[in-house]
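Heads up, the thing below is written out as structure tokens.
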Amino acid sequence: MRAEDAGVGPDRDRTRFMIEIMFSSLLAMLTSPHMMGLMLLAVAIGLVVGVTPGIGGRLSIALAIPFVFGMQMIPGAVFLLTMHAVNGTSGQISSIMFGVPGDGDDAATTIDGYPMAKKGEAGRALGASVTASGLGGIIGAIVFAVMIPILEPVVLAFSPAEFFLLALLGITFIAFLAGRDRIFQGLIVGLFGMMLATVGMDPYTGTPRFAGDLLFLWDGMSLITAVLAIFAIPEMIALAVKGGAISSVSRETAKYSYRQLFEGVMEVPRHWWLAIRTSIIGAVVGMIPGLGSSAAAWFCYGHAVQTSRTPERFGKGAVEGVIAPETGSNAREGGALLPTLFFGIPASSGMAVLMGAFLILGIQPGPAMITERLDLVWTLIWALVVGNLIAVTFLLFIMRWVALLTFVNGAMLVPFIVVMAVIGSYVSEGQWQNLVVLVVLSAIGYGLLRFNWPRAPFVIGLVLGKIAEESLHKALGLWGRDFFLRPLSLVLIGLIAITIAYAVYQNLRPRGGAQQPVAP
Amino acid sequence: MKSTPAPMTVLMLVIFTAMVGIAASYPPDARFMTFVVGIPAIGLCLLQLTIDLYRRRAPAPDDDRDALRQAEDQVARIAGRRVQFEMPSENVMFTESSHDPRERVRRELVVWGYFLALIVSILLLGFQITVPVFLIAFLRFQAGTNWRNALLYGGAGALVMHLLFERLLKVSLHAGFLTDFIVDRLG
Chain X
21 MRAEDAGVGP DRDRTRFMIE IMFSSLLAML TSPHMMGLML LAVAIGLVVG VTPGIGGRLS
81 IALAIPFVFG MQMIPGAVFL LTMHAVNGTS GQISSIMFGV PGDGDDAATT IDGYPMAKKG
141 EAGRALGASV TASGLGGIIG AIVFAVMIPI LEPVVLAFSP AEFFLLALLG ITFIAFLAGR
201 DRIFQGLIVG LFGMMLATVG MDPYTGTPRF AGDLLFLWDG MSLITAVLAI FAIPEMIALA
261 VKGGAISSVS RETAKYSYRQ LFEGVMEVPR HWWLAIRTSI IGAVVGMIPG LGSSAAAWFC
321 YGHAVQTSRT PERFGKGAVE GVIAPETGSN AREGGALLPT LFFGIPASSG MAVLMGAFLI
381 LGIQPGPAMI TERLDLVWTL IWALVVGNLI AVTFLLFIMR WVALLTFVNG AMLVPFIVVM
441 AVIGSYVSEG QWQNLVVLVV LSAIGYGLLR FNWPRAPFVI GLVLGKIAEE SLHKALGLWG
501 RDFFLRPLSL VLIGLIAITI AYAVYQNLRP RGGAQQPVAP
Chain H
9 MKSTPAPMTV LMLVIFTAMV GIAASYPPDA RFMTFVVGIP AIGLCLLQLT IDLYRRRAPA
69 PDDDRDALRQ AEDQVARIAG RRVQFEMPSE NVMFTESSHD PRERVRRELV VWGYFLALIV
129 SILLLGFQIT VPVFLIAFLR FQAGTNWRNA LLYGGAGALV MHLLFERLLK VSLHAGFLTD
189 FIVDRLG
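Going line by line, the protein sequences match chains X and H. For the first sequence, this note's numbering gives the first residue as 21, with consecutive numbering after it. For the second sequence, this note's numbering gives the first residue as 9, with consecutive numbering after it.
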């Protein structure tokens, strides 16, 4: 909905319009049984996925895409975002109770959470972590909301024609995220995604590119099949190859009382200033593409150590060491949504898959999100807030049972998820040929995984490829080659060049010592 | 996992070169984007190959500190203070289970065999026959569950998927190219 359409002047009544949209979005969400039902389902799935070993947030989104394919734009987006946002809230259960992090983000929580559990304070650690995580998610959403009016002029400076360079910048950043010494691999994978996006009928000449007589390819490569092949199947094959469960871990640490849990919940208001600071740090870190998914948690943990009067307690079971990474890690999601929605640059690999899903739903990231789809933006912000509230409430009551999922043997999940992925690939277009494409791309995806190449840039390349091509034709039609000399284009080209130059330096300089771990 | 990345670089180089070569026969507007993406990609692949060779000649020294000490270093860099982590020794957080390389390849071949068999079987016999058989076989022989649990979980899983997709979502799943022929033959 545009401000002008709502009958208000673009400047004078902008604030009133924003407030109206803000509350009408919340009201529309809360009063819609369909939307609330979807959110409850998304929270339940997200929590289960978060605690189950071997299924990450990216994989769960990839698997959910076929189910939201026919959904309307807003309910579909709310479902996926809520599921993604609450993943981390349950991920730390296994970190604290058994010392087994759900994914890279939870590693920092394990440092103090598991020693607390070993000291018989599992309930206190869990109460603190779940509450901190929920609070972080909510503050992250608030930071995102506060940034909208601040960033609006910057976002609106971009024209649709610059989307080509934004797509390249997005691929560069997400490649950088994979690790500074792997940026070329990331770029190659991103360009591979863009190349596959050219498969199908060319809109300008009607030439069936790389499709020949294969009619099913004339409409282009199936996004769902490609995403499932690059993410889901390789992950499952790797999990089956690795095998085993974590049943050897002692379950003794999992014992706690609800009184302990409540004490843990109260630790967050007791350390409110730390929780707010680390939430803001997490959200800001989340806005910066390339810092990696676990960076927010470690930055916040480091900040808690830095500002503590008794830093010697950290690493031995300090509750602040649980609160800080949890708030930061979950606040990151709100921050990461900002570049994803407004610039089409996903800040993390999870956001990359989420953005792919958004594009499938018909959501076009870019300046139009502010000028035309502010209702959707606010609905997503509220989805983060409400989803986190529901997740925290759920978890505080059912954590004891959810924790048992940690002991599920990963190898037992593999066949079910593989079948789901295969069905998803077939259902997306109802074409059996997509199963053949699934096999071929899965082999490439497994090769990328096996040789430690980043896979997230592939999704960006694939989903942005068509838009980038259209944008490039449009820009060249409007400005010719001068398009590359426009001030904003020069800024974008400069950013791409600086990122790549830094990567070249990192690759070719004499090596020594450990690289900072960055989640792929 | 430390592996030489050269095979993937070569594969990507071949893919990009083939696609650019094929696109050369298209009209200018149709091949424009393919060239814009493909030619720089070929350049990047060649650059990556150079890096692969450079690294093979001057490999990075192995960092033999354990992951816990690396985490301590990381926090010390951020906080400007050093703290010691006391992770109980049985914790599995910072350990990575690894198979013998030959055993790993064997397991990879087996799992890929299951996956390919699943796809071929779906194409020939359809989802309804293949899915329960695949689930039960994988659970029994690959996940190591006993026959009772494999039949129980596999059967239940297949039933849930049938109800979810074919009944609830009204999706018509592929019936298989040979199913009708086999049913006819069986009378």
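Glycine included, each C-beta is placed from N, C-alpha and C at the ideal position.
**Report entry** Within 8 Å, strictly: CB atoms of G108 of chain X and S369 of chain X
**Finding:** no
- prompt: By Cβ distance below 6 Å, which residues in the same chain neighbour W318 of chain X in space, the five residues on each side in sequence not counted?
  reply: A128, listed in sequence order.
Determine the chain C residues that contact W402 of chain X at a beta-carbon separation under 7 Å, and present them in chain order.
Checking the listed chains, one finds no chain C in this structure; the protein chains it contains are X and H.
**Message:** Going by the DSSP bridge assignment, what does R229 of chain X pair with across the sheet?
**Reply:** X:G220
Original post:
Can the beta-carbon of G143 of chain X be found less than 8 Å from the beta-carbon of V106 of chain X?
Top reply: no
Measuring only the C-alpha atoms, how far is L235 of chain X from V247 of chain X? 21 Å
Practice item. Less than 8 Å between the CB atoms is what I'm expecting for A252 of chain X and L79 of chain X, so what's the real figure, rounded? Key: 6 Å
| Under 8 Å, do T187 of chain H and I137 of chain H count as touching if we go by C-beta distance? | yes
Check your understanding: Exposed or buried, which one is F334 of chain X when buried takes at least 16 other CB atoms within 10 Å?
Key -> So F334 of chain X counts as buried.
Applying the criterion that 16 or more other CB atoms from any shown protein chain within 10 Å of the CB defines a buried residue, is W473 of chain X buried or exposed?
-> buried
Helix, strand or coil for S115 of chain X per DSSP?
Of the three classes helix, strand and coil, the one that applies to S115 of chain X here is helix, per DSSP.
Of all the CB atoms in chain H, is at least one closer than 8 Å to the CB of P477 of chain X? Output row for P477 of chain X: interface = no.
* Would you call F118 of chain X buried or exposed, if buried means 16 or more other Cβ atoms sit within 10 Å of its Cβ? -> buried
- So does the stretch 375 to 393 of chain X actually touch the stretch 359 to 366 of chain X, counting three or more Cβ pairs closer than 8 Å? yes
Worksheet item: Counting pairs of beta carbons, one from the stretch 208 to 215 of chain X and one from the stretch 38 to 57 of chain H, are three or more of them closer than 8 Å?
Response: For the pair of segments examined, the stretch 208 to 215 of chain X was found to touch the stretch 38 to 57 of chain H: the number of CB pairs separated by less than 8 Å reaches three.
Distance, Cα to Cα, I418 of chain X vs Q326 of chain X? 34 Å
Are there 16 or more other CB atoms within 10 angstroms of the CB of Q205 of chain X, so buried, or fewer, so exposed? buried
Using a beta-carbon distance below 8 Å, is R229 of chain X in contact with chain H?
yes
Going by beta carbon distance, what residues of the same chain come within less than 6 Å of P345 of chain X, once the five residues before and after it are set aside? The residues are A128, T129, A317, C320 and Y321.
Quiz item: In chain H, which residues lie with their C-beta within 9 Å of the C-beta of W318 of chain X?
Solution: A79, Q82, V83 and I86
- Query: Which two residues bound the contiguous alpha helix (DSSP H) that contains R90 of chain H?
  - Reply: Note, R90 of chain H: premise wrong, no alpha helix (DSSP H); not H, not E.
- For A64 of chain X, which residues of its own chain have a beta-carbon under 8 Å away from its beta-carbon, when the five flanking residues on both sides are left out? F414
Does R65 of chain H pass the burial test, meaning 16 or more other C-beta atoms within 10 Å, or should it be called exposed? Within a 10 Å sphere around the beta-carbon of R65 of chain H sit fewer than 16 other beta-carbons, which makes this residue exposed.
Worksheet item: Are the C-beta atoms of T25 of chain H and some chain X residue less than 8 Å apart?
Response: no
Review point. Count the other CB atoms within 10 Å of the CB of I190 of chain H; is the residue buried (16 or more) or exposed (fewer)?
Key: exposed
_Under 9 Å from the C-beta of D239 of chain X: neighbouring residues of chain H_ = Within chain H, no residue comes near D239 of chain X; the closest Cβ sits about 16 Å away, beyond 9 Å.
(Q) If the cut-off is 8 Å on Cβ atoms, which residues from the stretch 429 to 449 of chain X count as contacting chain H, listed in chain order? (A) N429, A431, M432, V434, P435, F436, V438, V439, M440, V442, I443, Y446 and V447
Q. Hey, does Y522 of chain X have any beta-carbon neighbour from chain H nearer than 8 Å?
A. no
Classify W452 of chain X as helix, strand or coil using the three-state DSSP reduction. coil
Quiz item: Taking Cβ positions only, does I190 of chain H come closer than 8 Å to chain X?
Solution: no
- How far does the alpha helix (DSSP H) with I250 of chain X in it reach, from first residue to last? Premise fails: I250 of chain X is in no alpha helix (DSSP H) and is neither H nor E.
M93 of chain X versus F99 of chain X - alpha carbon distance: Going from the Cα of M93 of chain X to the Cα of F99 of chain X covers about 10 Å.
Practice task
Take L492 of chain X and list the residues in its own chain whose beta-carbon comes closer than 7 Å to its own, dropping the five residues that flank it on each side.
Solution key: F184
| request: Report yes or no: is there a C-beta of chain X within less than 8 Å of the C-beta of D37 of chain H? | output: yes
Practice problem: Determine the chain X residues that contact T153 of chain H at a beta-carbon separation under 7 Å, and present them in chain order. | Solution: M432
Let's test the definition: count the other Cβ atoms within 10 Å of the Cβ of F43 of chain X and tell me whether it reaches 16, buried, or not, exposed.
exposed
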